[in-house]
Amino acid sequence: MNEPGGLDELGDAGRAAWTRRVEDGIAEVMTDLGLDSPHRFVLSAPDERTRRRTAIDWPGLPLRPVECLTRHQALALLDWTPSGSEGHIRRLQEEYVEWRVVRDDVGIRRVEFTTELSDYWRVLAAFDPQRTLDLVASFAGQPSVDPQAVYRGCDPFSSSSTPEEREAAFAGAMLTDEDPSPYNDGRTAITCMAQRTNTLRALVQLVFVATNPRVVQDPLSGRIRCLTCDEAIPLMDGAAQAGRASDPVLVERLIRLAYEGRFVAFDDPLGVYIQSVESTRLRTPDDEPVPGDWFTFERGKTASQTTDGRPRWQRVTFEPPDDSGLHVSDLVDVATEQPIRHGGQVADLVQVALVLRVSDPDVEPPGTLEPTELAQGVAENALRCPDIRLQWDDYLAEARQ
Amino acid sequence: MSKDERDDSTVSTGLLQRGIAFEQGRRPAPCYRLLLLNAANGATPAAVHDGVLAIDEMLQRLAVGEVRELAGQPKDKATASAELFAGLEHLIAFGRRLFDVDVHDPVLIDASRPDYLAYLPADGPFPALRWEQDRAVNTGEADIALQFTAERQAAVNCAAVEVWKLLTDEALPLEPVASFDGFARHDGRGWLEFHDGVSNMHTSQRRAALEAPADPEWMAGGTYMAFLRLTVDLAVWRTLSRAEQELLVGRDKLSGAALVGTRREESGAAIPVAAPRSGEEPDDRTLADFIDPPQTTDPLVETSHVHRANQVRASPAAAAALRMFRQGYEFLEDLVGRPRLGLNFVSFQRDLAVVHHVLHLPGWLGDVNFGGPTQAGPGDPQQIRLVSVAAGGFYAVPPVGAPFPGAEIFARE
Numbered sequence: 007m008n009e010p011g012g013l014d015e016l017g018d019a020g021r022a023a024w025t026r027r028v029e030d031g032i033a034e035v036m037t038d039l040g041l042d043s044p045h046r047f048v049l050s051a052p053d054e055r056t057r058r059r060t061a062i063d064w065p066g067l068p069l070r071p072v073e074c075l076t077r078h079q080a081l082a083l084l085d086w087t088p089s090g091s092e093g094h095i096r097r098l099q100e101e102y103v104e105w106r107v108v109r110d111d112v113g114i115r116r117v118e119f120t121t122e123l124s125d126y127w128r129v130l131a132a133f134d135p136q137r138t139l140d141l142v143a144s145f146a147g148q149p150s151v152d153p154q155a156v157y158r159g160c161d162p163f164s165s166s167s168t169p170e171e172r173e174a175a176f177a178g179a180m181l182t183d184e185d186p187s188p189y190n191d192g193r194t195a196i197t198c199m200a201q202r203t204n205t206l207r208a209l210v211q212l213v214f215v216a217t218n219p220r221v222v223q224d225p226l227s228g229r230i231r232c233l234t235c236d237e238a239i240p241l242m243d244g245a246a247q248a249g250r251a252s253d254p255v256l257v258e259r260l261i262r263l264a265y266e267g268r269f270v271a272f273d274d275p276l277g278v279y280i281q282s283v284e285s286t287r288l289r290t291p292d293d294e295p296v297p298g299d300w301f302t303f304e305r306g307k308t309a310s311q312t313t314d315g316r317p318r319w320q321r322v323t324f325e326p327p328d329d330s331g332l333h334v335s336d337l338v339d340v341a342t343e344q345p346i347r348h349g350g351q352v353a354d355l356v357q358v359a360l361v362l363r364v365s366d367p368d369v370e371p372p373g374t375l376e377p378t379e380l381a382q383g384v385a386e387n388a389l390r391c392p393d394i395r396l397q398w399d400d401y402l403a404e405a406r407q
Numbered sequence: 513m514s515k516d517e518r519d520d521s522t523v524s525t526g527l528l529q530r531g532i533a534f535e536q537g538r539r540p541a542p543c544y545r546l547l548l549l550n551a552a553n554g555a556t557p558a559a560v561h562d563g564v565l566a567i568d569e570m571l572q573r574l575a576v577g578e579v580r581e582l583a584g585q586p587k588d589k590a591t592a593s594a595e596l597f598a599g600l601e602h603l604i605a606f607g608r609r610l611f612d613v614d615v616h617d618p619v620l621i622d623a624s625r626p627d628y629l630a631y632l633p634a635d636g637p638f639p640a641l642r643w644e645q646d647r648a649v650n651t652g653e654a655d656i657a658l659q660f661t662a663e664r665q666a667a668v669n670c671a672a673v674e675v676w677k678l679l680t681d682e683a684l685p686l687e688p689v690a691s692f693d694g695f696a697r698h699d700g701r702g703w704l705e706f707h708d709g710v711s712n713m714h715t716s717q718r719r720a721a722l723e724a725p726a727d728p729e730w731m732a733g734g735t736y737m738a739f740l741r742l743t744v745d746l747a748v749w750r751t752l753s754r755a756e757q758e759l760l761v762g763r764d765k766l767s768g769a770a771l772v773g774t775r776r777e778e779s780g781a782a783i784p785v786a787a788p789r790s791g792e793e794p795d796d797r798t799l800a801d802f803i804d805p806p807q808t809t810d811p812l813v814e815t816s817h818v819h820r821a822n823q824v825r826a827s828p829a830a831a832a833a834l835r836m837f838r839q840g841y842e843f844l845e846d847l848v849g850r851p852r853l854g855l856n857f858v859s860f861q862r863d864l865a866v867v868h869h870v871l872h873l874p875g876w877l878g879d880v881n882f883g884g885p886t887q888a889g890p891g892d893p894q895q896i897r898l899v900s901v902a903a904g905g906f907y908a909v910p911p912v913g914a915p916f917p918g919a920e921i922f923a924r925e
């Protein structure tokens with residue numbers, strides 16, 4: 007298994023550990039699902055049967071808060087980190103892309119996005135502490151980083167420290183909700199994804215549960231068709247969340263791939279990738295288009311460097327250059343005619359994708375399918391809005407102080 | 513229509529106004545006209561409100577054959593009028609301009625503007641879909657849009673003229689600023705002679721694609737309309753081979769079947785491979801694939817128009833699928849010299865963000881004018897500039913309500 011984004015920074019031991027991490031993650035999910043034999047449609051790794059690639063993409067703005075609140079409320083809430091480090095890191099940035107907003111006295115200086123999996127960073131931190139610290143420092147724009155800020159309670163360079171200890175120390179500082187390190191909670195830097203559901207395990211679980219050729223008889227046309235996400239997600243036992251941008255399209259696409267009789271596997275390198283940015287929506291105060299190179303893509307490959315012509319970036323920073331004299335907050339989105347006031351407005355321009363390897367159709371014909379028995383009625387609150395509204399109340403309470 | 517009557521009619525259509533043919537078994541009426549109105553300078557909100565109310569009431573009477581200046585006509589003549597206007601539907605929509613405080617003094621609206629209800633940028637509405645050359649001003653933006661659909665061309669045209677008569681006779685503070693006509697082809701094809709509008713969503717999923725959320729509150733249950741009058745360069749299109757055309761569209765030209773892949777000639781030229789023709793009684797999957805072809809895994813077919821316009825091919829319940837309900841109408845303006853013709857692209861969706869995403873995103877329609885690869889390889893069809901925007905605008909289509917849709921948002925003096 008190659009490193010996400012086609013990176014080459016782990017070394018032999020680290021790369022072997024990353025491969026094991028992915029394999030173990032898949033095995034754990036299969037165990038949890040009670041699968042004692044291989045999944046009928048999902049392969050543990052791509053092989054000669056899955057020669058084709060297909061990408062599923064979605065915008066980076068989390069839609070559940072937008073649906074549960076208003077768009078303006080959601081944008082404010084999505085940028086908010088509760089004071090005192092209570093709550094969870096980027097709790098609502100749940101679309102497999104997370105960001106931080108860097109502000110100064112004038113306004114928004116830049117917005118930084120990452121799709122890097124914490125699972126990968128755990129391995130990197132375990133096997134190459136110097137590289138880990140160098141990268142974190144570069145994300146923070148600092149010459150160096152205090153190792154204790156990244157490896158809490160552990161000297162990563164001690165000859166007695168083991169990879170397991172370094173990984174645990176890294177996770178204890180950078181991936182925790184309790185007193186998280188400023189190098190990943192957004193105060194000083196954002197290093198990798200830390201939101202609870204933006205993980206390799208969540209992704210694997212979703213793919214293994216959703217890839218099932220479920221059909222239903224359409225209530226109006228009477229035709230047999232694949233389940234929609236609203237019909238399928240209640241049957242998935244929590245493996246996907248309704249109302250997101252990401253999970254519903256992933257679910258419907260995976261059902262359809264199984265229905266077409268295709269094998270499915272994660273592409274190698276496995277990762278969640280920033281595929282494109284709608285930079286053309288942004289204008290300067292003089293109504294000039296924003297140059298595309300104000301977005302800096304990192305931690306991946308250009309379209310010309312990949313075999314399928316798809317870019318695979320894991321990090322993008324949007325920042326007007328110093329000589330422009332502009333801040334992000336000076337820019338306007340022509341689609342709304344509104345100035346950029348929140349990171350979520352830029353996240354809305356970021357398109358994220360998961361690339362899968364698939365076989366030709368009918369390689370694994372699903373056979374005769376019986377219509378699925380649907381959950382009775384759509385769950386009253388499939389979007390789990392009350393939780394989001396509580397967070398909005400907390401935000402308002404803090405804003406009033 | 514009274515409020516009670518409106519309430520009775522909402523069982524299957526929710527609060528959506530008439531004129532959107534999304535119900536089971538319903539085809540869009542074949543005749544179309546869009547009439548755009550601006551409020552007169554200095555008009556008060558109350559006067560504009562009353563003007564729209566008068567138009568709405570007049571058009572409801574017209575739909576049952578009551579022509580203002582023909583009141584009292586003999587019964588047989590009244591029957592003829594009723595027949596002419598049978599099936600006439602009108603829809604009232606509010607443009608960005610209505611909310612523009614720089615244009616209207618006094619301010620007309622006392623309600624939030626929906627976030628994505630924005631003017632189309634003057635320097636080009638979308639990155640790969642540009643304004644027509646020599647276009648001086650965008651005539652597609654206005655305060656109010658009235659969409660007319662009917663079975664007869666005369667009905668939609670007469671309805672527009674009846675509005676003009678009413679405005680003139682009653683000295684209402686609204687003035688027509690543009691009007692656009694259109695027609696639908698019964699064969700399901702467009703000017704490119706390909707099947708158009710074939711790919712659309714299951715009837716049971718359409719309301720989810722249409723109904724706006726309550727943000728702002730006054731739009732709850734309404735919808736949003738995108739109107740783009742697109743000119744098509746038919747002369748350029750006809751220089752392409754059938755294979756090139758099919759690769760750009762993503763369908764077989766004759767059967768309408770979706771392309772499933774490509775093969776290469778010895779010369780390296782890409783040859784489209786369509787799904788096999790369905791038999792007399794296609795199975796469910798074959799039929800579904802024809803209506804809404806599955807996402808292909810062929811890189812060249814993935815760049816075709818039908819796949820770029822609907823990349824993820826999921827239901828509207830998956831918001832990131834960016835589904836919109838299209839109800840377009842062709843138009844023909846002139847045949848002298850180069851044909852001047854095209855498509856009134858009309859789509860309805862729960863959120864105009866959908867249209868912006870589709871027309872800005874690279875890989876969707878943000879980096880090509882119509883279809884095909886951005887950088888054609890050897891043997892691939894080349895990019896052409898096929899489509900330009902002659903006029904366009906975004907409109908909020910409020911939910912049905914009394915005394916007319918959206919009446920409550922006009923400012924009170």
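As given, the protein sequences belong to chains A and Z, one line each in that order. In the working numbering, each number is its position in the first sequence, counted from 1, plus 6. In the working numbering, each number is its position in the second sequence, counted from 1, plus 512. A virtual CB, placed ideally from N, CA and C, is assigned to each residue, including glycine.
What does the alpha-carbon distance come out to for the pair residue i and residue j?
| i | j | result |
| --- | --- | --- |
| Z/Ala833 | Z/Pro917 | 29 Å |
| A/Ala51 | A/Val210 | 12 Å |
| Z/His561 | Z/Ala923 | 9 Å |
| A/Val35 | Z/Val813 | 35 Å |
| A/Trp398 | A/Gln99 | 14 Å |
| Z/Arg763 | Z/His817 | 9 Å |
| Z/Gly878 | A/Pro297 | 15 Å |
| A/Ala19 | A/Gly277 | 20 Å |
| A/Arg21 | A/Ser335 | 41 Å |
| A/Val151 | Z/Gly904 | 53 Å |
| A/Asp85 | A/Arg96 | 8 Å |
| Z/Tyr907 | Z/Arg608 | 7 Å |
In chain A, which residues lie less than 9 Å from residue i when you measure between Cβ atoms?
| i | result |
| --- | --- |
| Z/Thr735 | Near Z/Thr735 there are no residues of chain A at all, since even the closest Cβ is about 16 Å away, more than 9 Å. |
Name the chain A residues whose beta carbon is nearer than 8 Å to that of residue i?
| i | result |
| --- | --- |
| Z/Ala782 | What Z/Ala782 touches in chain A: nothing, since even the nearest Cβ is about 15 Å away. |
| Z/Asp614 | The contacting residues do not exist; Z/Asp614 stays about 12 Å from chain A at best. |
| Z/Ser716 | Asp224, Pro225, Leu226, Ser227 |
| Z/Ala630 | Val340, Ala341, Thr342, Glu343 |
With a Cβ-Cβ cutoff of 9 Å, do residue i and residue j count as a contact?
| i | j | result |
| --- | --- | --- |
| A/Val103 | A/Val356 | yes |
| Z/Leu740 | Z/Phe837 | no |
| Z/Thr735 | Z/Ala533 | no |
| A/Lys307 | A/Arg321 | no |
| Z/Glu644 | Z/Ser859 | no |
| A/Glu73 | A/Gly249 | yes |
| Z/Pro688 | Z/Ala666 | no |
| A/Ala348 | A/Gly113 | In the sequence on display, residue 348 of chain A carries His and not Ala. Not closer than 9 Å, so no. |
At 7 Å on the CB atoms, spell out the chain Z contacts of residue i, in chain order.
| i | result |
| --- | --- |
| A/Cys74 | Correct list: empty, because the minimum Cβ distance to chain Z is about 10 Å. |
| A/Trp430 | No answer is possible for residue 430 of chain A: it lies beyond the span of chain A, which begins at 7 and ends at 407. |
| A/Asp236 | Ala829 |
Is it right to say residue i is buried, meaning 16 or more other beta carbons lie within 10 angstroms of its own, or is it exposed?
| i | result |
| --- | --- |
| Z/Arg719 | buried |
| A/Arg46 | exposed |
| A/Gly40 | exposed |
| A/Ile32 | buried |
| Z/Gly702 | buried |
| A/Phe163 | exposed |
| A/Glu379 | exposed |
| A/Arg287 | buried |
Just to make sure I have the definition right: I need the residues of chain A whose C-beta is within less than 7 Å of the C-beta of residue i. Which are they?
| i | result |
| --- | --- |
| Z/His872 | Glu284, Thr286, Arg287 |
Just to make sure I have the definition right: I need the residues of chain Z whose C-beta is within less than 8 Å of the C-beta of residue i. Which are they?
| i | result |
| --- | --- |
| A/Leu260 | Ordered by position in chain Z, no residue passes the 8 Å Cβ test against A/Leu260, which lies about 10 Å from the chain. |
| A/Leu69 | Ala831, Ala832 |
Inset, instruction - Would you be able to state if there are at least three C-beta pairs under 8 Å between the stretch 154 to 165 of chain A and the stretch 186 to 206 of chain A? - result: Touching, yes.
Inset, instruction - Kindly confirm or deny that the stretch 601 to 620 of chain Z and the stretch 648 to 659 of chain Z touch, where touching means at least three C-beta pairs closer than 8 Å. - result: In short, these stretches touch, since the Cβ pair count reaches three.
Legend entry - contact_flag[the stretch 863 to 875 of chain Z, the stretch 620 to 629 of chain Z] where n(CB pairs < 8 Å) is 3 or more: Segment contact: the stretch 863 to 875 of chain Z against the stretch 620 to 629 of chain Z, three or more CB-CB distances shorter than 8 Å; contact assigned.
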